[in-house]
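*Asks:*
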Amino acid sequence: MNVTATESLADGYVSVTPAGSNDPADKRRTTSSLNLVRAAQTLPNHTTVAVSARGFDVFTQKGTHLIADVAGYYLGTPVAAPFGPPANQLPTLAAGCLGHPGAPVAAVVTGSGPANVARGQQRLLDLGFWLAGADGSFGVTTRQAVMAFQKWSGLPASGNLDEVTAARLNTVQCRPTTGVSGDLFLVDKSDQLGFIVRNGRAEWVLNVSTGGDYDYTWRDSRGNLIPDKAVTPTGTHRVYRVHDEPRYDGSLGVLYRPRFFVGGVAVHGAPSVPNYPASHGCVRVTNQAMDMIWATDAMPMRSTVVVRD
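Residues 282 to 590 (my numbering) make up the sequence shown, in order.
Structure representation (structure tokens):
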């Protein structure tokens with residue numbers, strides 16, 4: 282028979298075996314008829330398989346669309362079928378989960394077209410990782426969204442939509458949860474992520490960079506040199522001052538449209554938001570993300586900001 286896998290969710294294998302020769306509850310097979318190596322792959326193969334009285338089974342390890350057509354006939358004695366047919370069950374999802382994408386995300390490499398990029402962008406948006414839009418252009422906000430997703434998934438935070446990241450985007454079915462309630466801006470220092478939370482739901486997830494935990498000095502208004510440490514204070518705080526200025530002059534440098542929440546520490550836009558803690562103590566996001574925060578009033582005056590380790 283000819284077996285063709287299309288639009289695979291991830292790497293994995295397809296196994297064609299006599300029907301009833303494997304326990305339906307066992308999610309492994311000892312033989313493979315197709316070996317997929319990446320997401321969104323199309324791969325055909327010709328395979329010869331004995332059949333039982335019920336015919337044959339087709340098993341996919343990670344999920345793919347399958348086309349199977351018979352190219353010949355088995356004339357031997359049917360093989361044994363010690364196991365009964367599997368129970369047909371629709372997959373169940375927790376409330377609020379999305380399931381798999383309708384069309385799989387593929388890695389973005391040199392030569393990838395806008396449609397491929399846009400598919401990845403839309404999946405990131407659907408999962409709650411903010412970017413400017415599914416426009417097919419792999420720009421700053423897309424790279425930041427990929428980085429945020431990688432951090433949340435425990436992957437190396439390269440910002441590149443590589444094969445491993447594409448497979449994870451295809452197989453993750455639920456949006457991030459935070460374990461908090463109400464409306465707030467949550468900063469998770471261990472993961473270096475920011476969450477815009479509405480009614481306890483993570484509406485958007487952002488890549489952030491918090492205090493780098495290094496020693497530094499700064500000069501006060503009298504010119505005195507003050508020693509300090511680059512730490513973002515943990516705890517529950519309130520937004521107490523905002524400045525809608527693209528170049529707000531702070532004591533430690535220029536801040537983009539800052540919203541202060543404790544002791545001179547603010548969430549603000551920055552031209553550089555790396556994948557590690559690098560600031561003097563503020564919470565950096567991209568300028569584009571800060572524009573979104575202002576446009577949606579995601580951090581109004583006196584609103585809650587929670588910073589946790």
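Even glycine gets a Cβ: it sits at the ideal position worked out from N, Cα and C.
Grab the span of the beta strand (DSSP E) containing N316 for me, first residue to last.
*Replies:* Residues L315 to L317.
*Asks:* Who are the Cβ neighbours of G344 in its own chain at under 6 Å, not counting the five residues just before and after it?
*Replies:* Within the same chain, and ignoring the five residues on either side of G344 in sequence, the residues whose Cβ sits closer than 6 Å to its Cβ are L290.
*Asks:* Could you tell me the alpha carbon to alpha carbon distance between L406 and A399, rounded to whole angstroms?
*Replies:* Roughly 10 Å between the two C-alpha positions.
*Asks:* Report back the beta-carbon spacing between Y537 and M571 to the nearest angstrom; my notes put them in contact at under 8 Å.
*Replies:* 6 Å
*Asks:* Would you mind sorting D530 into buried or exposed? The rule is 16 or more other CB atoms within 10 Å of its CB.
*Replies:* By the neighbour-count criterion, in which 16 or more other beta carbons inside 10 Å mark a residue as buried, D530 falls on the exposed side.
*Asks:* Could you tell me which uninterrupted beta strand (DSSP E) segments, each at least 3 residues in length, are contained entirely in the region 342-390, listed from first to last along the chain?
*Replies:* 346-350
*Asks:* With 16 as the cutoff for other CB atoms within 10 Å, does K432 come out buried or exposed?
*Replies:* buried
*Asks:* Measure from the alpha carbon of P382 to the alpha carbon of each residue in G440, V453 and T329, then state which is nearest.
*Replies:* V453
*Asks:* Indicate whether the contact test is met: 3 or more Cβ pairs, each with one atom in the region 422-429 and one in the region 482-494, closer than 8 Å.
*Replies:* yes
*Asks:* Measuring only the C-alpha atoms, how far is N283 from E484?
*Replies:* 45 Å
*Asks:* Assuming D338 contacts A300 under a Cβ cut-off of 8 Å, what Cβ separation, rounded to an integer in Å, is found between them?
*Replies:* 5 Å
*Asks:* Going by Cα to Cα distance, which pick from R335, A331 and H346 is closest to L315?
*Replies:* H346
*Asks:* Do V546 and T513 have their C-beta atoms within less than 8 Å of each other?
*Replies:* Yes. Within cutoff.
*Asks:* Roughly how many angstroms separate the alpha carbons of S584 and E288, rounded to a whole number?
*Replies:* 44 Å
*Asks:* Less than 8 Å between the C-beta atoms of F364 and V295, yes or no?
*Replies:* With a cutoff of 8 Å on beta-carbon distance, F364 and V295 are scored as not near each other.
*Asks:* Please tell me whether V461 and R519 are closer than 8 Å, where the distance is taken between their beta carbons.
*Replies:* no
*Asks:* Return the chain-ordered list of same chain residues with a C-beta closer than 7 Å to the C-beta of R482, the five sequence neighbours on each side being excluded.
*Replies:* For R482, same chain residues with a beta-carbon under 7 Å away, outside a window of 5 residues either side, do not exist.
*Asks:* Given this structure, state the Cα-to-Cα distance separating S393 from A415, to the nearest angstrom.
*Replies:* 15 Å
*Asks:* By alpha-carbon positions, which one of A396, G409 and V351 ends up nearest to L379?
*Replies:* G409
*Asks:* Return helix, strand or coil for V421, following the three-state DSSP convention.
*Replies:* helix
*Asks:* Please check the pair P558 and D496, which I expect to be a contact at CB under 8 Å, by giving their CB distance rounded to whole angstroms.
*Replies:* Contact doesn't hold; Cβ gap of about 14 Å is too wide.
*Asks:* Taking the alpha-carbon of R565 as reference, which of D578, G534, A576 and M582 has the nearest alpha-carbon?
*Replies:* The candidate whose alpha carbon is nearest that of R565 is G534.
*Asks:* Strictly by DSSP, which residues pair up with P507?
*Replies:* First, the amino acid is wrong: residue 507 is Ile here, not Pro. Answer by DSSP bridge pairing, in chain order: W499.
*Asks:* Grab the span of the beta strand (DSSP E) containing A551 for me, first residue to last.
*Replies:* V546 to A551
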